[in-house]
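Taken in order, the sequence shown gives residues -6 to 368; the numbers are from our numbering.
Positions of the beta carbon are idealized from the N, C-alpha and C atoms, including for glycine.
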Amino acid sequence: MDENTIVVAKIKAQLSKFSGIISKGFPRVKRRLIKEILYGIQATKDVKLSNISRSLNEQQRLIKTEDRLSRNLDDVDFTDGINREICRLGASKVLEEMVIAIDLGDIRKKFARKMQYLAGIHDGSEREVGNGYWLCKCVAADIEHTRVIPLYCEAYSQESRGFLSENEQLFRAIEVVGRHVGTRGIWAIDRGGDRDRLFDKFLTKEAPKRFVVRLRKRDLIHRGLKRDCCEMARALPCHFKATLIKYEEGKEKVRTVWYSAISVKLPGRDERLFMVVVKGFGEEPTMLLTNCRINLRVKESIWRIVEIYLTRWKCDESFRYIKQSYNLEDLRVRSYIGIRNMVVLVLAVSYFAAVYLGQNLKLKLLVERIFLVSK
């Protein structure tokens, strides 16, 4: 038995064990379905049922396998159950100072016309409006950029029955993840997080959560006066300097930014907060609101908040990589339930690849190479 065969056998055993853990409580038919689709997605790097069916290599016509998978995928929504199990498993790996990035993404379906509950979305990659489905996702990562832990992902459409609001989708994700991680981690959200109801959620007296949120345009209280955050940011002298090195297409790009912070409050609230201002990322200053403690005289204390926000970018890039790796936007299923189920199973596969393969087996082989020889 050669080395590749041994590696594949170990991975199949780990995947079978992992599948059993996240599908416990489901009927036997669903447990089998989850196991087969997890294996098929990881083996083929694709979410098309035809390719998943082919990877199973059953002794019957391919269309029979595909029909069985499609039928079982479409009837029961197991998004909530899988998300809870992934959060439960991942929670122990979320350390006190890790960043939990929550973000709204999308699946763009450029040419689809009749998919169930197809909705208008904003394509973040193309920066244009199109058709597809929204994603609400949470990913944890450390500031040192050594670990990424997928925790939660839910596909939804504002056209579907039972949809309430974007706020409710965000609240559900925060509640599910927060129930397992407790007060560990620092929540980081881009400009979409600048909303009063979200701050109310984070600043509860019973269980406040630490956060870093990028501000858009709002009033803040500074030294007892209500002032526009954008005007304060433009006027704030930024004495601390940092140099960032970014690699794009093999080329090194150097950017210098200046930063500072001030103590603020939200109108109508008593909690002491801080607004961190960074100049140099764009034409306008970047403004970050946080309830994390900051020593305004120590530049490292202020820069740590910027690092938390930059780590949110890394989480976003990691999920973009997941989408591309498993060809998620080429999703082809019969129903809205099928779409939701396939998306949460891609989350499960990415968790398995990041945590089980990266940690338990201590394998340094690329996942692509492993599964090329798994058939």
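Here proline 201 is exposed, its C-beta having fewer than 16 other C-beta atoms within 10 Å. The C-beta distance from isoleucine 142 to valine 336 rounds to 18 Å, too long to fall under 8 Å, and the pair is not in contact. Sixteen is the threshold: when 16 or more other Cβ atoms of the shown chains lie within 10 Å of the Cβ of arginine 305, as they do, the residue is buried. For phenylalanine 267, the enclosing beta strand (DSSP E) begins and ends at 266 to 272.
Separation of glycine 175 and valine 87 (C-alpha to C-alpha, rounded to the nearest whole angstrom) is 10 Å. When the Cα atoms are used, leucine 218 and valine 271 turn out to be separated by approximately 22 Å.
Less than 8 Å separates the beta-carbon of threonine 279 from that of arginine 207. According to the DSSP assignment, histidine 173 belongs to the alpha helix (DSSP H) that extends over 159 to 174.
If you draw a straight line from the Cα of glutamate 224 to the Cα of isoleucine 238, it comes to about 29 Å. The C-alpha of glycine 125 lies about 6 Å from the C-alpha of glycine 113. Its Cα nearest to that of glutamate 276, the residue Trp251 stands out among Trp251, Arg286, Val291 and Gly261. The three-state secondary structure of valine 92, taken from DSSP, is strand. If you draw a straight line from the Cα of asparagine 76 to the Cα of glutamate 310, it is about 21 Å long. Rounded to the nearest angstrom, the Cβ distance from glycine 178 to valine 92 is 7 Å, consistent with a contact under 8 Å.
Setting aside the 5 residues that flank it on each side, glutamate 300 is surrounded in the same chain by Ile136, each with a C-beta closer than 8 Å to its C-beta; the list follows chain order.
Excluding sequence positions up to five before and after aspartate 99, its CB lies within less than 8 Å of the CB of Ile114, His115, Asp116, Gly117, Gly125, Tyr126, Trp127 and Leu128, all in the same chain and listed in chain order. In the DSSP assignment, tyrosine 126 forms a beta bridge with Ile100.
Given a length threshold of 3 residues, the segment 289 to 351 has no whole run of the beta strand (DSSP E) inside it. Listed as beta-bridge partners of serine 253 by DSSP are Val270. Fewer than three beta-carbon pairs drawn from the segment 227 to 236 and the segment 156 to 171 are found closer than 8 Å, and the two stretches are therefore not classed as touching. Judged by DSSP in its simplified three-state form, glutamate 199 adopts coil rather than helix or strand. Around the beta carbon of aspartate 96, 16 or more other beta carbons lie within 10 angstroms, which makes this residue buried.
Residue state for arginine 188 is assigned as coil, using DSSP reduced to three classes. In its chain, beyond the 5 residues on either side, Glu29, Gly33 and Thr58 have a beta carbon closer than 7 Å to the beta carbon of leucine 49. Methionine 268 and glutamate 51 have their C-alpha atoms roughly 59 Å apart. Looking at the DSSP output, histidine 215 shares a beta bridge with Leu218. Take alanine 254, set aside five residues on each side of it, and the residues of its chain with a beta-carbon closer than 6 Å to its own are Phe267, Val269, Ile287, Leu289 and Ile295, in chain order.
The three-state secondary structure of cysteine 80, taken from DSSP, is helix.
When secondary structure is reduced to three states using DSSP, threonine 283 falls in the strand class.
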